Structures are given as C-alpha cells and as structure tokens.
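Residue numbers (this note's numbering): 1 to 479. Quick reminder that beta carbons are idealized off the backbone N, C-alpha and C, glycines included. Here the structure is a predicted model, which means the values were calculated and not measured. This report refers to the structure that appears directly beneath it.
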Ligand code: C2O
Ligand code: CU
C-alpha cells in the first residue's frame with residue numbers, strides 16, 4: 001500500500017514538476033530588468049539588407065541619440081513654454097486640457113520648453129506625426145529622461161511639413177494621454193489662403209465621456225453661406241473614430257499631415273480616423289449650414305445645423321487606397337534595400353513576469369522583439385499583418401510611410417502617406433519609406449494600453465547609439 005501511494009505521489013510530483021519547471025523558466029526569462037538599454041534588448045533584424053558589422057546592438061561607438069538635434073545655431077521662430085500639472089484627477093497643459101494649440105509656419109524653428117510642475121511620475125512631450133530630429137522626439141527612456149517635478153526640457157525642431165499634428169506625453173503614456181496631457185499642433189503652409197476658415201477639433205474621450213476640444217456635445221462655429229472651411233480633425237483617443245458630413249459634399253484634403261493629391265468630392269461616406277491619426281476636411285458652407293459628426297458622440301456645426309435629428313453614420317467609407325490621383329512619391333519602393341515583417345499576434349506567456357495573453361511581434365513577446373535595423377538612405381518596406389483578435393493603429397515615429405497595398409490590393413489613388421495606420425483584424429498592409437532621419441524610433445500600437453501590454457518595437461539606424469535607459473533614476477517608462 002505504502003509503496004503504491006508513494007509511487008502515485010512520485011508520479012504526481014513529476015507531473016507537477018514537468019509543468020512548473022518550464023513555466024518557471026519562461027517566467028524567469030520574461031522578467032525585464034529594472035533598468036535596461038533598449039538597444040541591448042531584442043533581436044537585430046536587418047530586413048535582408050547588408051548587416052553593418054560595426055553596429056552591434058550595444059556598446060559600439062556611434063552618434064548618441066542625444067546628439068541628434070536641430071542645428072543649435074538657428075534661432076527660434078516660435079517660442080512657447082508649456083507647464084504641465086496633475087490636477088483634478090487628470091493632467092493639464094497651461095491649466096487646461098487639451099493644452100494650447102501651437103501654430104507655426106512651415107520652415108519655422110519651433111522651440112518649446114516643457115515645465116513639469118508636479119507630475120510625480122515625470123513627463124515628456126512627443127510631437128506626434130512631426131518628423132523631428134531624434135533628440136526632440138520626447139520618448140522617455142529612448143530619446144530623453146522623463147522630466148521630473150520642478151524640471152524643464154527644451155524641444156527644438158524645424159517644422160518641415162505643413163499639416164495637422166498633435167503633442168502628447170510619452171511617459172506612462174497610456175495614463176497621461178488618456179487623462180489629458182496633450183494638445184494640437186498646426187503647421188501652416190507658406191502662403192495659407194486667408195479666405196478659408198480654419199478650425200481644429202481634437203476628439204478625446206475622458207473618463208467623463210467624449211469631447212471635442214475638451215467640451216462635450218456640439219461645437220458651433222459662426223460661418224456665412226459661401227465660406228470655405230478647412231476642418232482639422234485629430235483623434236487623440238485609443239480607438240478609431242470616424243467623421244461624416246451632413247449638408248454638403250466635402251473633400252479629404254489631408255491625411256496624417258500630408259495633402260491628398262487631387263481629392264475628389266465625397267458625399268454620403270464616412271472618413272475613418274485611426275487613434276493618433278488626423279484628417280483635414282474641406283467644404284464650402286451652403287445656405288443651410290454644415291454638420292460634421294464625430295463617432296456619433298460629438299459634432300462640429302458651421303452656421304446653422306442642417307440636421308433636425310442626429311444623422312446616422314453612412315455605411316460607405318472613403319477608401320483611401322483609391323481616393324485622389326496618383327503622383328510621384330520621390331523614391332522607388334519597388335526595389336527596397338530592406339524588407340521587414342511586423343506580424344502582430346497574441347499568445348499566452350509571461351510579460352515581465354505577469355502571466356496572460358499578450359501581443360506578439362513576429363511571434364515574440366516584448367522585450368524579446370525585433371529591432372528593425374536600417375542604414376541612412378535605405379528604402380524600407382514593411383509588411384504589417386494583424387493575426388490577433390483586436391485592431392491596432394500602428395504608429396512609426398520620425399517618418400512618414402506611403403501605403404503600397406492593403407490585403408494584396410495595390411494602392412491606386414493619391415499617395416497615401418501615414419504615420420498612424422489602422423490595421424484591422426486579419427488585415428495586412430505594405431508600406432514604404434525612406435530612412436532619412438537617423439535615430440532610435442518607436443514603432444508601436446497607438447491604442448496605448450496595447451503598447452503597455454507589449455505591442456512595441458523599434459527602428460534603429462546603424463551608427464546610432466542609445467543615450468538613455470528605460471527605468472533608471474528618472475523612472476523612464478515610455479508606454
Ligand atoms: Cu503618439 Cu509613440 O506616439
Ligand atoms: Cu493595438
């Protein structure tokens with residue numbers, strides 16, 4: 001009897017050990033050190049292009065991220081100071097959320113001093129969609145240290161592209177952005193049409209509900225019949241939204257800060273705006289006024305409200321893959337120097353010791369994800385594929401990419417330049433860009449809680465070395 005029981009126990013013990021020991025190993029392997037250099041994590045992926053032997057993952061000589069700045073001898077055209085505070089259970093920038101709209105003209109050197117009054121975790125400002133020099137990108141632990149209470153940081157960049165952008169914290173961003181630490185940024189063209197009425201609308205759902213420019217409900221703008229309008233829509237939320245227009249036809253003038261080539265008039269179709277994305281709509285206000293609905297929760301009305309009841313979302317969607325007319329993109333994506341896969345999945349595992357179902361990049365869990373390695377001047381193609389059970393608005397810092405194809409269908413419209421691209425469940429995209437902005441750049445999901453759950457990778461230039469660490473004395477925590 002005793003021996004039988006003993007054998008059973010032994011068997012049970014062995015079975016448990018067979019289960020627990022590997023789990024323990026995976027758990028241990030998943031632990032992220034308290035402090036780490038991003039460039040030393042993950043696996044180098046050279047995308048089938050030449051491997052730069054001198055650009056080892058860490059510890060090699062090169063240009064530090066912190067030195068990749070705007071020319072220090074150019075003086076500022078636009079100078080702002082933004083004071084960030086934790087108050088009322090959220091965050092404010094200069095006492096409000098959203099913070100002040102920053103406006104510049106293309107070519108201006110913009111200089112913003114961030115002052116952290118009392119945000120205990122520290123904070124930063126990232127210029128979403130602006131291809132700034134790396135050191136001004138505002139990512140804690142990647143391009144700077146988090147700015148602690150009482151500290152300041154100066155951002156300097158030349159606004160090289162006219163368009164609609166925004167800024168937000170990139171320290172504990174899944175909390176700080178949601179709770180109000182963001183604002184709008186518009187770069188005007190050299191010769192803006194003074195006749196056109198410009199309106200910026202930042203879409204944001206705070207804990208209390210959906211808002212436009214910080215207010216719930218409908219934003220009404222005075223406008224006479226015949227008035228031309230450019231409405232700059234910014235989605236600062238974690239999920240996609242859409243806009244639809246009642247009362248007139250409209251054009252999609254720009255997407256993610258890039259003008260659409262020869263945009264045709266649209267009627268009865270909604271325009272989708274991914275998390276982090278921007279869309280500029282253009283129209284002329286008719287006698288009866290214009291109403292632009294956003295996600296069915298907020299609206300902007302120009303003149304009279306042409307709708308007696310809240311208009312429902314049209315079933316049709318503007319397909320940016322075929323919208324507008326083709327034009328040159330300025331490089332040859334057909335024969336890229338490097339080709340990368342960014343395949344998103346989900347599987348059980350441990351993320352920093354926490355068991356769960358986590359996002360994967362090319363089958364790997366953060367931080368054991370690919371480091372996409374490029375050399376300056378490379379033409380780069382990314383295939384982004386979403387094999388997970390949720391949609392992901394993918395955002396590459398420091399670059400604009402042009403969409404080549406979606407689900408194998410080649411783009412036929414205007415060059416569709418993106419920095420925030422919705423990749424739906426089961427969808428795949430091919431995008432291309434020129435690696436023309438040396439640095440260490442995040443490439444992550446802009447549903448910010450997903451980024452905090454590990455949907456983050458980086459693009460790194462050979463010859464660049466990191467200057468900062470995640471964790472560390474300042475508690476850098478970019479996601
Ligand atoms: Cu809008 Cu990495 O951020
Ligand atoms: Cu996501």
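Looking at the structure shown, is residue i part of a helix, part of a strand, or coil, going by DSSP?
i	result
residue 134	helix
residue 255	strand
residue 449	helix
residue 38	helix
residue 473	coil
residue 2	Here residue 2 scores only 45 on pLDDT, less than 50, and its place in the model is too uncertain to base an answer on.
residue 174	helix
residue 243	strand
residue 465	strand
residue 479	coil
residue 146	coil
residue 66	helix
residue 273	strand
residue 161	coil
residue 366	coil
residue 459	strand
residue 282	strand
residue 331	coil
residue 223	coil
residue 47	coil
residue 322	coil
residue 399	coil
residue 380	strand
residue 181	coil
residue 310	coil
residue 428	strand
Flag this pair as yes or no: are the beta carbons of residue i and residue j separated by less than 8 Å?
i	j	result
residue 300	residue 221	yes
residue 118	residue 149	yes
residue 69	residue 140	no
residue 454	residue 121	no
residue 339	residue 374	no
residue 396	residue 440	no
residue 418	residue 400	yes
residue 113	residue 171	no
residue 138	residue 126	yes
residue 402	residue 415	yes
residue 49	residue 378	yes
residue 159	residue 189	no
residue 303	residue 289	yes
residue 485	residue 271	Past the edges of the chain, shown from 1 to 479, lies residue 485, and the structure says nothing about it.
residue 42	residue 469	no
residue 391	residue 321	no
residue 90	residue 97	yes
residue 153	residue 130	no
residue 498	residue 142	Because the chain here runs from 1 to 479, residue 498 falls outside it and cannot be looked at.
residue 472	residue 437	no
residue 407	residue 388	no
Out of the options, which has the shortest C-alpha to C-alpha gap to residue i?
i	options	result
residue 345	72, 217 and 425	425
residue 66	330, 271 and 466	466
residue 446	360, 236, 383 and 101	236
residue 362	86, 44, 36 and 40	44
residue 448	477, 414, 431 and 216	477
residue 354	369, 330, 452 and 63	452
residue 319	242, 349 and 358	242
residue 84	181, 52, 421 and 252	181
residue 279	258, 288 and 289	258
residue 192	421, 238, 103 and 288	103
residue 255	284, 273 and 360	273
residue 311	268, 326, 323 and 285	268
residue 174	450, 212, 154 and 133	450
residue 343	371, 385 and 479	385
residue 487	207, 262 and 155	The structure shown does not extend to residue 487, since the chain is modelled only from 1 through 479, so no value can be given for it.
residue 46	218, 307 and 462	462
residue 239	275, 219 and 266	275
residue 383	341, 315 and 348	341
Which whole-angstrom value is the C-beta distance of residue i and residue j, which I expect to be below 8 Å?
i	j	result
residue 115	residue 81	6 Å
residue 332	residue 381	Not a contact, Cβ separation roughly 11 Å.
residue 421	residue 393	7 Å
residue 223	residue 285	5 Å
residue 216	residue 92	The pair is not a contact, with the Cβ atoms about 17 Å apart (cut-off 8 Å).
Relative to the ligand HEM, is the shortest distance from any of its heavy atoms to the C-beta of residue i smaller than 7 Å?
i	result
residue 126	For the ligand HEM, the structure offers nothing, since it holds only the ligand C2O and the ligand CU.
Say whether chain C places a C-beta atom closer than 8 Å to the C-beta of residue i.
i	result
residue 163	Of the chains in the structure shown, none is chain C; there is only one protein chain.
For the pair the segment 283-299 and the segment 244-262, tell me if three or more CB-CB distances fall below 8 Å.
yes
Three or more C-beta pairs below 8 Å linking the segment 227-235 and the segment 199-217:
yes
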